[in-house]
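>
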DNA sequence: CATTGGCACTCGGTACACTCGAGTGCTAAC
DNA sequence: GTTAGCACTCGAGTGTACCGAGTGCCAATG
């Protein structure tokens, strides 16, 4: 790839991102001072088109980037992202004044990221398997109904209601909770040891039931939780989607957490990664680009934050924002942990 | 209001709901057998227009209902809703096999209602003030960081992290929790008594901090939680909105729970209520209709379920679905409570 | 006197012709 | 290799004509 051709490609992408209009050779020749005429630009553009980086929506129109063109742009011209000062400050302030429970924090982080980038944002919570049991409590809600609560090291609380024929009373529940704590505390919640019988039949039955209930919680709940912020931004970007339907399908997709989590999971170990249009396997994302970055808690990969927007998005800003947020979130959670 | 005029109004509303096209006099005269010619229908239509029930989008077009027209239709022709058998069965099955924690249940209920009506659905959770404290636990997560957990009678768990200079140890936390339980158990969570000092200085400080933290939880969190399901349906109904922007604003509105909860709260004591277009004070809802019904737990008003769609929605189906879901949800929660 | 058939009128939607201009590809000259 | 020039393409915008659904009004009707 010629240096001048690269500059032209860059110009096409940047102008198109800014104006949403196909970019012609004149505009490129004038807006950048390449020192060449529009005719030369035209020649290079035909080559770029043959190589698959740009395309014409119609004959006699300007060029727009293809997914491959965006890819080249992202790989070569956005190595480090950018973040407007006002936004950088907003992010810093948010994480300085953050004093919330984990769920609330992640939820609000997704909203922050959405506000800063003007696109939909996603935050995947820390994997539960890092969290260890710190306390267990059994509360008798009604005769025959017991609520089992486990407090985890990351401040999360897991709970499950049990319906039991045996109608255990308050004191027995307390004793069972104590026994469970003795056996479970310090173990990761999603890999609890089996309940070791104590000899007391009724207590053992309750203990085992609770152990089983926790197992069910682990099995039923995806180990990571997804928080999506700023879905309304999809409607605002509507013009960038080919169909109105495609936007509707996208919204639908976001309602089903599972898909998105699986999408986010297979991810490079570090740094910001970008996935553009057809690079996504999921067909609802054909018009979209995703910018993702993992965050680390005390050096360990813990979760992911990301931005979802049209392929025609400001990658520099998005990458900058995602990098900043993932970094700060990791720091904060490391401090809290 | 003439009987025939009412029939014509009804025809206009029903046809318009079905086809989304302005309805002409011929179509009314033919589709219904009123026994009159299109000319007569025309005469009545001009009167209906003067009375404000219908309007012409342009001269020489058919008529479409105004908000007032929908209002008359809802008040007079949809007294009891309707629910397709398949849907009725789906609702029944859902509530029979429901065995989940409260939050999950309400969330899934909103999705159910959205699926059945093909519109966005809202569920407002039971007011927290009914819930009483059943257990309190303090867990030391790290030196200087304590997580206070309160288990409530409705199976909900409230929690708050405390950062304390005093670095209380495990045993002291346990003692404080016991003291708190002694004082708080049985009291409604959002109206806890002040912490009565026990004489032990350090314990009292921790106890008071926890009491204060719980107070903050009550203050910060709206006492009811809102669950919104099927926001993607808004995009599907996009043609019914005047602007694309208006749909975007609507999505944005739904992201801010507070507004919607306040909207849902001031509500008649019982039965399904419908609020149409300009009847809503909130300007984002100018194009929307809302169908709401409260549900009761053991006879007590507890929360609300509702459907949000374009004014051009199938009110009969929506009313039927909302009525069925609110009824069943109330029953289930009464059983669980 | 309510109802109806008839009729002139309105106006959105579609089809068609035309122009304008941005943008292209190609070629010949520098 | 670069550039100026030129013919060509085609989308977008504009003006005209026409069709047809729908209306309002009026005179005729039972």
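Protein chains in written order, with this note's numbering: chain A, 1 to 337; chain B, 338 to 674. Cβ coordinates follow ideal geometry from the N, Cα and C atoms, glycine included. No experiment lies behind these values; they were computed from the predicted model shown.
#1: Quick check: the segment 502-520 of chain B against the segment 176-184 of chain A, are at least 3 beta-carbon pairs closer than 8 angstroms?
#2: Keeping to the same chain, check which residues put their C-beta closer than 6 angstroms to that of residue 650(B); ignore five residues upstream and five downstream.
#3: Quick one: which residues of the segment 14-47 of chain A get their C-beta closer than 9 angstroms to a C-beta of chain B? List them in chain order.
#4: If the cut is a Cβ gap below 7 angstroms, which residues of chain A does residue 575(B) touch?
#5: Report the partner residues of residue 151(A) according to the DSSP bridge assignment.
#6: List, in order along the chain, the chain A residues whose C-beta lies closer than 7 angstroms to that of residue 569(B)?
#7: Could you tell me which uninterrupted alpha helix (DSSP H) segments, each at least 4 residues in length, are contained entirely in the segment 26-88 of chain A, listed from first to last along the chain?
#8: Could you pull the DSSP bridge partners for residue 162(A) from this structure?
#9: Would you check if there are 3 or more beta carbon pairs closer than 8 angstroms linking the segment 304-322 of chain A to the segment 69-79 of chain A?
#10: Give the list of continuous alpha helix (DSSP H) stretches no shorter than 4 residues that lie fully inside the segment 171-250 of chain A.
#11: Am I right that residue 472(B) and residue 501(B) are in contact with their C-beta atoms under 8 angstroms? What's the rounded C-beta distance?
#12: Just to confirm before moving on: does the CB-CB distance between residue 291(A) and residue 264(A) stay below 7 angstroms?
#13: Name, please, each residue of chain A whose Cβ falls closer than 8 angstroms to the Cβ of residue 601(B).
#14: On the three-state DSSP scale, how would you describe residue 330(A)?
#15: Is there a C-beta anywhere in chain B that falls below 7 angstroms from the one on residue 283(A)?
#16: So what does residue 122(A) bridge to, in DSSP terms?
#17: To the nearest angstrom, how far is the alpha carbon of residue 676(B) from that of residue 240(A)?
#18: Considering only residues of the same chain and omitting the five flanking positions on each side of residue 334(A), which have a CB-CB separation below 7 angstroms?
#19: To be precise: take each residue of the segment 465-495 of chain B, compare its Cβ to all Cβ atoms of chain A, and keep it if any distance is under 7 angstroms. Which residues remain?
#20: Put residue 273(A) into one of helix, strand or coil per three-state DSSP.
#21: In this structure, how does DSSP classify residue 634(B) when only helix, strand and coil are distinguished?
#22: Are there three or more Cβ pairs, one per stretch, closer than 8 angstroms when the segment 442-457 of chain B is compared with the segment 356-374 of chain B?
#23: If you reduce the DSSP assignment to three classes, tell me which class residue 354(B) lands in.
#24: What does residue 406(A) touch in chain B if you count any residue whose Cβ is under 8 angstroms from its own?
#25: Going by DSSP in three states, residue 345(B) sits in which element: helix, strand or coil?
#26: State buried or exposed for residue 3(A), treating a residue as buried only when at least 16 other CB atoms are found within 10 Å of its CB.
#27: Shortest alpha-carbon distance to residue 426(B) belongs to which of 406(B), 407(B), 452(B)?
#28: I need the straight-line Cα distance from residue 225(A) to residue 352(B), nearest angstrom please.
#29: Along chain A, which residues have their Cβ under 9 angstroms away from the Cβ of residue 572(B)?
#30: Could you spell out where the alpha helix (DSSP H) holding residue 448(B) opens and where it closes?
#31: For residue 627(B), which residues does DSSP report across the bridge?
#32: Buried or exposed for residue 599(B), going by 16 or more other Cβ atoms inside 10 Å?
#33: Can you grab the Cα-Cα spacing for the pair residue 280(A) / residue 286(A), in whole Å?
In this structure, then:
#1: A contact between stretches requires three or more CB pairs, one per stretch, nearer than 8 angstroms, and the segment 176-184 of chain A fails this requirement with the segment 502-520 of chain B.
#2: Locating residue 650(B) in the second chain gives position 313, where the first residue counts as 1. Closer than 6 angstroms at Cβ, skipping near neighbours: 626.
#3: Interface annotation for the segment 14-47 of chain A against chain B: empty, criterion Cβ-Cβ distance under 9 angstroms.
#4: Here residue 575(B) refers to the residue found at position 238 of the second chain. Those within 7 angstroms of residue 575(B) in chain A are 244.
#5: As a working note, residue 151(A) is residue 151 in the first chain. Paired residues: 135(A), 157(A).
#6: Taking the second chain and counting its residues from 1, one reaches residue 569(B) at position 232. Think of a sphere of 7 angstroms around the beta carbon of residue 569(B): the chain A residues whose beta carbon falls inside it are 248, 251, 252, 255, in chain order.
#7: Counting only runs of 4+ residues, the alpha helix (DSSP H) found wholly inside the segment 26-88 of chain A occupies 38-50, 67-77, in chain order.
#8: The residue you call residue 162(A) lines up with position 162 of the first chain. In the DSSP output, where bridge partners are listed per residue, residue 162(A) has 146(A).
#9: In this structure the segment 304-322 of chain A touches the segment 69-79 of chain A; the number of beta carbon pairs closer than 8 angstroms is three or more.
#10: Whole alpha helix (DSSP H) segments, 4+ residues: 201-220, 232-236.
#11: The residue labelled residue 472(B) in the question sits at position 135 within the second chain. The residue labelled residue 501(B) in the question sits at position 164 within the second chain. Between residue 472(B) and residue 501(B) the beta-carbon gap is near 21 angstroms, outside 8 angstroms, which marks them as no contact.
#12: Translated into positions along the first chain, residue 291(A) becomes position 291. Translated into positions along the first chain, residue 264(A) becomes position 264. With a cutoff of 7 angstroms on beta-carbon distance, residue 291(A) and residue 264(A) are scored as not near each other.
#13: Against the second chain, residue 601(B) aligns to sequence position 264. Within 8 angstroms Cβ-Cβ: nothing; residue 601(B) doesn't reach chain A, min ~20 angstroms.
#14: Against the first chain, residue 330(A) aligns to sequence position 330. Residue 330(A) sits in a helix when the DSSP states are folded into three classes.
#15: Start at 1 with the first residue of the first chain, and residue 283(A) comes out as number 283. No, no contact with chain B.
#16: Position 122 of the first chain, counting from 1, holds the residue named residue 122(A). Per DSSP, 228(A), 306(A).
#17: Only positions 338 to 674 of chain B appear in this structure, which leaves residue 676(B) out of reach.
#18: Here residue 334(A) corresponds to residue number 334 of the first chain, with the count starting at 1. Excluding five sequence positions before and after residue 334(A), the CB atoms of its chain that fall closer than 7 angstroms to its own CB belong to 297, 298, given in chain order.
#19: Correct list: 471, 472, 474, 476, 478, 484, 486, 488, 490, 492, 494.
#20: Against the first chain, residue 273(A) aligns to sequence position 273. Residue 273(A): strand per DSSP, three-state reduction.
#21: Translated into positions along the second chain, residue 634(B) becomes position 297. It is a strand residue.
#22: Verdict: no, contact absent.
#23: As a working mapping, residue 354(B) is identified with position 17 in the second chain. Judged by DSSP in its simplified three-state form, residue 354(B) adopts helix.
#24: Lying before the first or after the last residue shown, residue 406(A) is absent from chain A, which here runs from 1 to 337.
#25: Counting from 1 along the second chain, the entry for residue 345(B) is found at position 8. In the structure shown, residue 345(B) adopts helical secondary structure according to DSSP, grouped into three states.
#26: Working through the first chain from its first residue, we reach residue 3(A) at position 3. Flag for residue 3(A) reads exposed.
#27: Here residue 426(B) refers to the residue found at position 89 of the second chain. Closest by alpha carbon: 452(B).
#28: Along the first chain, one-based indexing puts residue 225(A) at 225. Along the second chain, one-based indexing puts residue 352(B) at 15. Straight across, the Cα-Cα distance linking residue 225(A) with residue 352(B) is about 45 angstroms.
#29: As a working note, residue 572(B) is residue 235 in the second chain. In chain order: 234, 235, 238, 244, 245, 247, 248, 249, 250, 251, 252.
#30: Start at 1 with the first residue of the second chain, and residue 448(B) comes out as number 111. Per DSSP, residue 448(B) belongs to the alpha helix (DSSP H) from 439-454.
#31: Here residue 627(B) corresponds to residue number 290 of the second chain, with the count starting at 1. According to DSSP, which records beta bridges pairwise, residue 627(B) is partnered with 612(B), 645(B).
#32: On the second chain, position 262 is the one that residue 599(B) refers to. Label assigned to residue 599(B): exposed.
#33: Stepping through the first chain from its first residue, residue 280(A) is reached at position 280. Stepping through the first chain from its first residue, residue 286(A) is reached at position 286. Rounded to whole angstroms, the gap between the alpha carbons of residue 280(A) and residue 286(A) is 7 angstroms.
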